[in-house]
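Undergrad: This is the structure I have questions about; it appears just below.
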Amino acid sequence: MNNMGKIFKQAKGFIFDLDGTLYLGDSLINGAERVVKKLRKSGRKVAFVSNKPIARRSTYAEKLRKLGIDCEESDVINSSLVLAQFIAANYPEHTVFPVAEQPVIDDLTELGIEVTEDPDTAQIVVVSWDRRFDYQKLHKAYKAAIQGALLIGTNPDRTCPMPDGDLPDAACMIAAVEACTERKVDPIVGKPSEIMLDEALKLVGLRADECVMVGDRVETDILMASRAGLLSVLVLSGVTKKEDLKHIAVKPDAVAESVKDFLTFI
Ligand SMILES: [Mg+2]
7 MNNMGKIFKQ
17 AKGFIFDLDG
27 TLYLGDSLIN
37 GAERVVKKLR
47 KSGRKVAFVS
57 NKPIARRSTY
67 AEKLRKLGID
77 CEESDVINSS
87 LVLAQFIAAN
97 YPEHTVFPVA
107 EQPVIDDLTE
117 LGIEVTEDPD
127 TAQIVVVSWD
137 RRFDYQKLHK
147 AYKAAIQGAL
157 LIGTNPDRTC
167 PMPDGDLPDA
177 ACMIAAVEAC
187 TERKVDPIVG
197 KPSEIMLDEA
207 LKLVGLRADE
217 CVMVGDRVET
227 DILMASRAGL
237 LSVLVLSGVT
247 KKEDLKHIAV
257 KPDAVAESVK
267 DFLTFI
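According to this note's numbering, the sequence shown is numbered sequentially starting from 7.
Shown next, in the form of structure tokens:
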């Protein structure tokens with residue numbers, strides 16, 4: 007499974023996941039800033055792609071800069087932005103009921119999408135990570151859905167890795183909405199969706215087969231890479247542990263303890 011030499015010889019672009027890959031909570035993964043710097047210095051393109059929908063991309067860019075990684079806002083995308091772009095491109099006149107936090111609402115309204123609290127007028131229910139999720143929101147989502155609203159999700163992550171224990175993520179709200187409506191939330195725009203991948207490839211301006219996806223979650227980061235023909239490196243600094251490797255369904259091209267291992271190959 008380990009082809010690190012080959013990967014670094016071949017790849018022109020590196021697409022990095024954030025949580026569990028470049029940082030954990032508020033701490034940088036040791037060596038991550040040196041890895042990004044060296045990659046850029048060697049002429050490779052670098053982009054940052056997060057499924058996390060509870061802040062806007064400007065916040066993630068600022069967080070990376072604070073941790074010592076050079077980052078423009080245009081170097082990073084996350085699932086709330088990609089969701090808003092997807093709805094603006096495909097359903098610009100639709101009204102949205104959000105099961106989501108304020109950053110999702112801000113991304114939608116900034117792109118001209120109308121957001122409503124009224125389930126009877128909503129034509130789309132957006133389902134995201136929502137730390138104020140409650141029965142009333144679920145009831146409204148259900149009411150909108152049975153009247154024919156589309157169900158669109160930000161990201162399918164079950165948990166988000168944190169230093170003091172993982173947090174329940176958007177999959178939990180999606181499961182609740184799917185349970186009562188007996189419908190699928192589809193599409194879910196975040197990784198492993200090709201909707202997210204297409205936006206990520208735009209950031210680096212490269213083809214899929216010229217890029218490496220680096221991430222800590224098999225069913226999002228590695229699956230997206232494998233479906234689309236990117237090389238992939240699974241890092242063990244986030245949600246996936248060494249003992250999980252025997253059971254993983256999609257094999258990455260290489261496994262690293264953390265991105266720090268890249269320093270030898272750049
Ligand atoms: Mg991650």
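Quick reminder that beta carbons are idealized off the backbone N, C-alpha and C, glycines included.
Using a Cβ-Cβ cut-off of 6 Å (strictly less than) and excluding sequence neighbours within five positions of I254, which residues of its own chain qualify?
TA: V224
Undergrad: Run the proximity test for T27: is its beta-carbon closer than 7 Å to any non-hydrogen atom belonging to ligand 1?
TA: yes
Undergrad: Would you decide whether T160 is buried or exposed? Buried here means 16 or more other CB atoms lie within 10 Å of its CB.
TA: So T160 counts as buried.
Undergrad: By the 10 Å Cβ neighbour count, where 16 or more other Cβ atoms means buried, how is C217 classified, buried or exposed?
TA: buried
Undergrad: Entirely within the stretch 175-244 and at least 4 residues each: give me those alpha helix (DSSP H) ranges in chain order.
TA: 176-187, 200-210, 229-234
Undergrad: Taking H145 as the reference, give the member of W135, D124, Q129 with the closest Cα.
TA: It is D124 whose Cα lies nearest to the Cα of H145.
Undergrad: Leaving out the 5 sequence neighbours to the left and right, which residues in its chain are closer than 8 Å to D113 when beta-carbon positions are compared?
TA: Only residues of its own chain outside the window of five on either side were considered, and among them R62, S86, L87, L89, A90 have a CB closer than 8 Å to the CB of D113, listed in chain order.
Undergrad: Rounded to whole angstroms, what is the Cα-Cα separation between A177 and S134?
TA: The straight-line gap separating the alpha-carbon atoms of A177 and S134 is approximately 8 Å.
Undergrad: According to DSSP, is F139 helix, strand or coil?
TA: coil
Undergrad: So T65 is in the alpha helix (DSSP H); what residue range does that whole segment cover?
TA: 63-72
Undergrad: Any heavy atom of ligand 1 inside 7 Å of the beta-carbon of P169?
TA: Incorrect: P169 has no Cβ contact closer than 7 Å to ligand 1.
Undergrad: Is the closest heavy atom of ligand 1 to the C-beta of G244 under 7 Å?
TA: yes
Undergrad: What does a CB cutoff of less than 6 Å around A106 pick up in its chain, not counting 5 residues either side in sequence?
TA: So the qualifying residues of the chain are V132, S134, D136.
Undergrad: So the candidates are T270, G19, I60, V241; which of them puts its Cα closest to the Cα of F139?
TA: I60
Undergrad: Using a Cβ-Cβ cut-off of 6 Å (strictly less than) and excluding sequence neighbours within five positions of G196, which residues of its own chain qualify?
TA: Closer than 6 Å at Cβ, skipping near neighbours: N57, S85, T160, N161, M202.
Undergrad: Is G31 near ligand 1, judged by its Cβ being under 7 Å from some heavy atom?
TA: no
Undergrad: Taking the alpha-carbon of N152 as reference, which of A185, D204, A206, K247 has the nearest alpha-carbon?
TA: In the sequence as presented, Asn is not what sits at residue 152; that position holds Ile. Among A185, D204, A206, K247, the Cα nearest to that of I152 is on A185.
Undergrad: Does at least one heavy atom of ligand 1 sit under 7 Å from the Cβ of D23?
TA: At a cut-off of 7 Å, the beta-carbon of D23 counts as near ligand 1: some heavy atom of the ligand is closer than that.
Undergrad: Mind listing, in chain order, the continuous alpha helix (DSSP H) runs of no fewer than 4 residues lying wholly within the stretch 128-173?
TA: 141-152
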